[in-house]
Amino acid sequence: MRPGGQPNMQQIMKQAQKMQQQVAQAQAELAAAELTGTAGGGLVTVTVTGLGEYKAVKIDPKAVDPEDVETLEDLVLAAIHNAAEAQRELTEEKMGPATGGLSLPGF
(Lines of atoms letter the chains of each structure in order from A; the text may use other names.)
(Lines give C-alpha, C1' and ligand atoms only; values in the text may rest on other atoms or scores of the structure.)
Protein backbone atom coordinates (compact mmCIF):
# COMPACT_ATOMS: atom_id res chain seq x y z
CA MET A 12 0.00 0.00 0.00
CA ARG A 13 1.05 3.51 -0.64
CA PRO A 14 1.19 6.24 1.97
CA GLY A 15 -2.29 7.16 3.13
CA GLY A 16 -3.51 3.55 2.81
CA GLN A 17 -4.14 3.72 -0.95
CA PRO A 18 -3.38 0.53 -2.90
CA ASN A 19 -0.94 0.73 -5.79
CA MET A 20 -3.24 0.72 -8.84
CA GLN A 21 -0.47 -0.41 -11.17
CA GLN A 22 0.20 -3.44 -9.00
CA ILE A 23 -3.53 -4.24 -8.80
CA MET A 24 -3.80 -4.03 -12.59
CA LYS A 25 -0.82 -6.39 -12.99
CA GLN A 26 -2.43 -8.87 -10.59
CA ALA A 27 -5.74 -8.64 -12.45
CA GLN A 28 -3.98 -9.19 -15.78
CA LYS A 29 -2.14 -12.21 -14.38
CA MET A 30 -5.40 -13.62 -13.04
CA GLN A 31 -7.03 -13.07 -16.44
CA GLN A 32 -4.23 -15.00 -18.15
CA GLN A 33 -4.51 -17.84 -15.63
CA VAL A 34 -8.28 -18.04 -16.12
CA ALA A 35 -7.85 -18.12 -19.92
CA GLN A 36 -5.29 -20.91 -19.58
CA ALA A 37 -7.58 -22.89 -17.26
CA GLN A 38 -10.50 -22.43 -19.67
CA ALA A 39 -8.39 -23.72 -22.56
CA GLU A 40 -7.38 -26.77 -20.53
CA LEU A 41 -11.01 -27.42 -19.58
CA ALA A 42 -12.15 -27.12 -23.21
CA ALA A 43 -9.54 -29.68 -24.27
CA ALA A 44 -10.33 -32.15 -21.47
CA GLU A 45 -12.70 -35.07 -21.96
CA LEU A 46 -14.04 -36.94 -18.96
CA THR A 47 -16.17 -40.04 -18.71
CA GLY A 48 -18.89 -41.09 -16.34
CA THR A 49 -19.92 -44.71 -16.06
CA ALA A 50 -22.69 -46.74 -14.50
CA GLY A 51 -23.55 -50.40 -14.23
CA GLY A 52 -19.92 -51.45 -14.19
CA GLY A 53 -19.28 -49.80 -17.55
CA LEU A 54 -22.53 -50.83 -19.25
CA VAL A 55 -23.28 -47.13 -19.80
CA THR A 56 -20.57 -44.53 -20.46
CA VAL A 57 -21.05 -40.79 -20.94
CA THR A 58 -18.31 -38.50 -22.26
CA VAL A 59 -18.29 -34.79 -21.35
CA THR A 60 -15.81 -31.96 -21.97
CA GLY A 61 -14.29 -30.00 -19.13
CA LEU A 62 -16.70 -27.19 -20.01
CA GLY A 63 -19.73 -29.44 -19.51
CA GLU A 64 -20.59 -30.22 -23.14
CA TYR A 65 -21.79 -33.82 -23.47
CA LYS A 66 -20.10 -35.52 -26.40
CA ALA A 67 -21.18 -39.16 -26.37
CA VAL A 68 -23.30 -41.83 -24.72
CA LYS A 69 -22.27 -45.47 -25.14
CA ILE A 70 -24.60 -48.27 -24.11
CA ASP A 71 -23.43 -51.87 -24.02
CA PRO A 72 -26.03 -54.09 -25.76
CA LYS A 73 -26.12 -56.21 -22.58
CA ALA A 74 -27.77 -53.25 -20.82
CA VAL A 75 -30.69 -53.23 -23.25
CA ASP A 76 -33.64 -55.23 -22.01
CA PRO A 77 -36.95 -54.35 -23.71
CA GLU A 78 -38.74 -55.63 -20.62
CA ASP A 79 -36.80 -53.31 -18.28
CA VAL A 80 -36.29 -49.91 -19.91
CA GLU A 81 -36.41 -48.22 -16.50
CA THR A 82 -33.11 -49.77 -15.42
CA LEU A 83 -31.42 -48.54 -18.59
CA GLU A 84 -32.82 -45.05 -17.98
CA ASP A 85 -31.45 -45.14 -14.43
CA LEU A 86 -28.03 -46.26 -15.69
CA VAL A 87 -27.89 -43.44 -18.26
CA LEU A 88 -28.85 -40.87 -15.63
CA ALA A 89 -26.29 -42.25 -13.18
CA ALA A 90 -23.55 -42.08 -15.83
CA ILE A 91 -24.50 -38.46 -16.61
CA HIS A 92 -24.31 -37.55 -12.93
CA ASN A 93 -20.95 -39.32 -12.65
CA ALA A 94 -19.57 -37.40 -15.64
CA ALA A 95 -20.95 -34.10 -14.32
CA GLU A 96 -19.23 -34.67 -10.97
CA ALA A 97 -15.92 -35.41 -12.71
CA GLN A 98 -16.35 -32.20 -14.75
CA ARG A 99 -17.11 -30.16 -11.61
CA GLU A 100 -14.04 -31.54 -9.82
CA LEU A 101 -11.80 -30.77 -12.81
CA THR A 102 -13.21 -27.24 -13.02
CA GLU A 103 -12.45 -26.63 -9.35
CA GLU A 104 -8.94 -28.05 -9.82
CA LYS A 105 -8.18 -25.88 -12.86
CA MET A 106 -10.02 -22.68 -11.95
CA GLY A 107 -9.29 -22.61 -8.20
CA PRO A 108 -5.64 -21.56 -8.49
CA ALA A 109 -6.42 -19.12 -11.31
CA THR A 110 -9.13 -17.31 -9.37
CA GLY A 111 -7.48 -17.39 -5.97
CA GLY A 112 -10.43 -19.34 -4.60
CA LEU A 113 -13.01 -16.84 -5.84
CA SER A 114 -16.16 -18.35 -7.25
CA LEU A 115 -16.77 -17.15 -10.80
CA PRO A 116 -20.21 -17.45 -12.37
CA GLY A 117 -20.39 -20.21 -14.96
CA PHE A 118 -17.35 -22.13 -13.64
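Residues in the sequence shown are numbered consecutively from 12, following my numbering.
Ideal Cβ positions, reconstructed from N, Cα and C, are used throughout, including at glycine.
Values in this document were obtained by computation on a predicted structure and should not be read as measured data.
Determine the direct distance from the alpha carbon of residue j to that of residue i, and round the result to whole angstroms.
i           : j           : result
residue 39  : residue 30  : 14 Å
residue 91  : residue 104 : 20 Å
residue 54  : residue 102 : 26 Å
residue 87  : residue 35  : 32 Å
residue 25  : residue 67  : 41 Å
residue 71  : residue 42  : 27 Å
residue 76  : residue 85  : 13 Å
residue 119 : residue 81  : Outside the shown range of the chain (12 to 118) lies residue 119, about which nothing can therefore be said.
residue 89  : residue 100 : 17 Å
Residue j and residue i - do their beta-carbons sit closer together than 7 Å?
i          : j           : result
residue 63 : residue 98  : yes
residue 58 : residue 78  : no
residue 37 : residue 106 : yes
residue 33 : residue 109 : yes
residue 56 : residue 69  : yes
On a CA-only basis, which of the options is nearest residue i? Give me that one, please.
i          : options           : result
residue 74 : 92, 42 and 83     : 83
residue 65 : 24, 25, 18 and 47 : 47
So residue i and residue j are in contact, right, with Cβ under 8 Å, and what is the actual spacing, rounded?
i          : j          : result
residue 49 : residue 93 : 6 Å
Original post:
What are the uninterrupted segments assigned as beta strand (DSSP E) that are 3 or more residues long and contained completely in the segment 17-98, given in chain order?
Top reply: DSSP runs (the beta strand (DSSP E)) wholly in the segment 17-98: 45-50, 55-60 and 65-70.
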